[in-house]
Amino acid sequence: MSNIAERKPHAVLVPVPLQGHINPLFKLAKLLHSRGFHITFVHTDYNHKRYLKSRGPNALRGLPDFRFETIPDGLPPLNDDSDGDVSQHIPSLCDSIRNNFLQPFRQLLAKLNHSATTGLNPPVTCLLSDCFMSFPIQVAQELSVPIILLSPVSAGTFLCFMHFRYLVDKGIVPLKDESYLTNGYLDTTKVECIPGLNNFRMRDLPSYVKTADPNDFMLEYFIEVAGRVPTVSAIVFNTFDELERDAMNALSSMLPSLCTIGPFPSFLDQIPNNHLASLGSNLWNEDPKCLQWLQSQEPRSVVYVNFGSITVMSADQLLEFAWGLANSKKPFLWIIRPDLVIGGSVILSSDFVNETRDRSLIAGWCPQEQVLNHSSVGGFLTHCGWNSITESVCAGVPMLCWPFFADQPTNCRYVCNEWEIGIEIDTNVKREEVEKLVNELMVGEKGKKMRKKTMYLKKKAEEFTKPGGRSYMNLDKVIKEVLLKQTSFD
1 MSNIAERKPH AVLVPVPLQG HINPLFKLAK LLHSRGFHIT FVHTDYNHKR YLKSRGPNAL
61 RGLPDFRFET IPDGLPPLND DSDGDVSQHI PSLCDSIRNN FLQPFRQLLA KLNHSATTGL
121 NPPVTCLLSD CFMSFPIQVA QELSVPIILL SPVSAGTFLC FMHFRYLVDK GIVPLKDESY
181 LTNGYLDTTK VECIPGLNNF RMRDLPSYVK TADPNDFMLE YFIEVAGRVP TVSAIVFNTF
241 DELERDAMNA LSSMLPSLCT IGPFPSFLDQ IPNNHLASLG SNLWNEDPKC LQWLQSQEPR
301 SVVYVNFGSI TVMSADQLLE FAWGLANSKK PFLWIIRPDL VIGGSVILSS DFVNETRDRS
361 LIAGWCPQEQ VLNHSSVGGF LTHCGWNSIT ESVCAGVPML CWPFFADQPT NCRYVCNEWE
421 IGIEIDTNVK REEVEKLVNE LMVGEKGKKM RKKTMYLKKK AEEFTKPGGR SYMNLDKVIK
481 EVLLKQTSFD
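Heads up: the sequence shown at position 287 corresponds to 287 in full-length UniProt numbering, and the numbers run straight through without jumps.
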């Protein structure tokens, strides 16, 4: 390595090994690389294999100063017929993160620091981790290097997450019994004990508190991780103040060092000569036909449908969505993963295929940001994952929301009620409702108002992430005051 390369700060980034958590940390890695950092991005062995399968054998070669490493995840191989191309079971993964990730990560950092003595890379100077893991915090303390946590969820969801222990202590969680999940309690009970949440109901909180089990593993996991959050150097959010001012103000009263540095899609769009633009993070193979097909469609005419990387549904729910889309008579691009339907394969009838053949495309995965930014796309039917919402806002595309679990109900509340850029579809989905709401989104008066608001937020996102913008300056500040604080390049 040259002397200049040796002087680079070296950031090691480790995400929760799920698609929706990998994406934002990968974008942050690109932002840091553009600011002169040497990057090591850490995948699990399982996701490393999926990544190579989806993007080709050379996809992880990276650049001399943007490298990929792997650690084992400690889980047995999946026993299914999916050829290893599915997201892993989340509770099992979290249990393994808690019990199996620490030592391999320690060994990886020791290897990187040993390589630094021979000039292969700079010594590790800082760590960046997903906020839903605590083992990197312990390693950072052992190495005496700063660590920043990235929240892969909204500030509003993170605010809820930091109050899980409080909800348990107040006797609100767990629920008294299973009947509370279906008897209307979640819909009618307001949450008034979390400052910064406006007009929230129990049903709007993340799904992990909607349990009657006093020993619920995921609830315990999140409470345990939340307890370590105040010990880190800083926490950063893929959001911007215009969008989540109330939640950020509430969090600022709880935690000492946090800031908004997003939204990442707008940020990355403004990097000049971005030679990492083609370096993606999708674990599924992107179908090139998606963008080709969009080229043949009219401006703002297409409904883009994607329920994300983990959401599943019943065969009946799939059928209702399918016929709702068909009956709307609107063109649609529908992303259907092989594992979308619970306990079976995806089967769409020949009647549906014949009805929609001339105005639809169904694919297994796509480059979502490019799709949302295509001029033909006029609306987005989404599961309400935070990445999807930020990408939709940055593209100026209004939404139909069908939240499934995790942070999605919370995101849906913000999108539909606080920001008024989306409409919620009932959990018990019916084709008539899908047809009606698709038409409202695409050509109705409410859809026009939502599009106008989304375009306003798109422009604000661009302002916040351009040089001199609040998010831009926040990133500069966190680099200077945290990531480079203990690094000497004399």
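Glycine residues also receive a C-beta, built at the ideal position from the N, C-alpha and C atoms.
Taking the CB atoms as reference points, tell me whether residue i and residue j lie closer together than 9 Å.
i, j, result
"P15", "P146", "no"
"S376", "P299", "yes"
"R50", "L283", "yes"
"N198", "E418", "yes"
"R67", "T40", "yes"
"W306", "C259", "The displayed chain sequence assigns Asn, not Trp, to residue 306. No, Cβ-Cβ distance for N306 and C259 is not below 9 Å."
"L128", "V139", "no"
"L318", "V346", "yes"
"N121", "L112", "yes"
"L63", "H275", "yes"
"V42", "F105", "yes"
Of all the options the options, which has the alpha carbon lying nearest to the alpha carbon of residue i?
i, options, result
"W334", "D316, G379, S314, I342", "G379"
"P91", "G280, V168, N327, M218", "M218"
"D204", "S278, L159, S144, A29", "L159"
"Y185", "L175, C193, E192", "L175"
"A247", "T157, F105, V139", "T157"
"L32", "H48, M442, T125", "T125"
"K446", "V139, S252, M399", "M399"
"G262", "L13, V12, K27, S345", "K27"
"D287", "P206, R55, H48, N47", "R55"
"F240", "F464, A29, V312, T188", "F464"
"G36", "P9, H48, N58", "P9"
"P403", "F105, N474, P206", "P206"
"L255", "S281, S278, E242, R228", "R228"
"V191", "T182, R470, R413, H48", "R413"
"L93", "Y221, Q141, H163", "Y221"
"H163", "T189, Y208, M133", "Y208"
"P76", "E69, N58, M133, D95", "D95"
Between the alpha carbons of residue i and residue j, how many angstroms are there, rounded?
i, j, result
"D216", "N387", "27 Å"
"R451", "G324", "22 Å"
"E435", "S314", "19 Å"
"V232", "L149", "7 Å"
"N285", "D269", "23 Å"
"D490", "P331", "In this predicted model, D490 has a pLDDT of only 34, less than 50, meaning its place in the structure is not dependable; the value taken from the coordinates is given anyway. Each residue's Cα considered, the two are about 60 Å apart."
"I271", "K459", "17 Å"
"V341", "D316", "9 Å"
"C193", "H374", "42 Å"
"F161", "K170", "15 Å"
"I223", "L143", "25 Å"
"R165", "V173", "9 Å"
"N439", "K449", "14 Å"
"A363", "V429", "22 Å"
"residue 525", "E178", "This structure gives no information on residue 525, because the portion of the chain shown stretches from 1 to 490."
"K329", "S296", "17 Å"
"G344", "H89", "17 Å"
"L484", "Y304", "42 Å"
"L108", "L279", "23 Å"
"Y472", "V353", "47 Å"
"I4", "Y456", "Note that I4 scores a pLDDT of 43, beneath 50, so its modelled location is shaky; the value from the coordinates is reported in the next line. The alpha-carbon atoms of I4 and Y456 are separated by roughly 43 Å."
"R201", "L243", "20 Å"
Assuming residue i contacts residue j under a Cβ cut-off of 8 Å, what Cβ separation, rounded to an integer in Å, is found between them?
i, j, result
"C131", "I22", "At roughly 14 Å, the Cβ-Cβ gap does not stay under 8 Å, so C131 and I22 are not in contact."
"T410", "F264", "Contact doesn't hold; Cβ gap of about 19 Å is too wide."
"D73", "T118", "Actually they are not in contact, since the Cβ atoms of D73 and T118 sit about 29 Å apart, beyond 8 Å."
"L291", "Q368", "Rounded, the Cβ-Cβ distance is 11 Å, inconsistent with contact."
"A110", "G196", "No, A110 and G196 are not in contact; Cβ-Cβ is about 41 Å, not under 8 Å."
"S266", "C384", "S266 to C384, Cβ: 20 Å. No contact."
"V397", "T454", "6 Å"
"A226", "Y180", "With 8 Å as the limit, A226 and Y180 do not qualify as a contact, their Cβ atoms being about 23 Å apart."
Cutting at 7 Å between CB atoms, please list the residues of its own chain near residue i, excluding the five before and the five after it.
i, result
"C416", "C401, G422, I423, E424"
"S87", "L18, Q19, S309, I310"
"P123", "H10, N113, A116"
"D81", "Caution applies to D81, whose pLDDT of 48 falls short of 50 and renders its modelled position unreliable; the value that the coordinates give is listed next. So no residue of the chain qualifies."
"L441", "G379, P398, L400, I423, G447"
"S281", "I22, N23, F26"
"R359", "P331"
"A461", "F240, P263, S266, V393, C394"
"V302", "L294, P331, F332, L333, S376, V377, G378"
"E320", "V429, K430, R431, V434"
"V482", "P146, I148, S233, A234"
Who are the Cβ neighbours of residue i in its own chain at under 6 Å, not counting the five residues just before and after it?
i, result
"I65", "A small fix is needed here, since residue 65 is Asp in this sequence, not Ile. Same-chain partners within the cutoff: H38."
"F237", "S151, A155, T260"
"F101", "F135"
"D476", "none"
So, at 8 Å on beta carbons, what are the nonlocal neighbours of residue i in its own chain, with the 5 sequence-adjacent residues on each side left out?
i, result
"S252", "L258"
"V478", "I148, A234, V236, C259, I261"
"D426", "E433"
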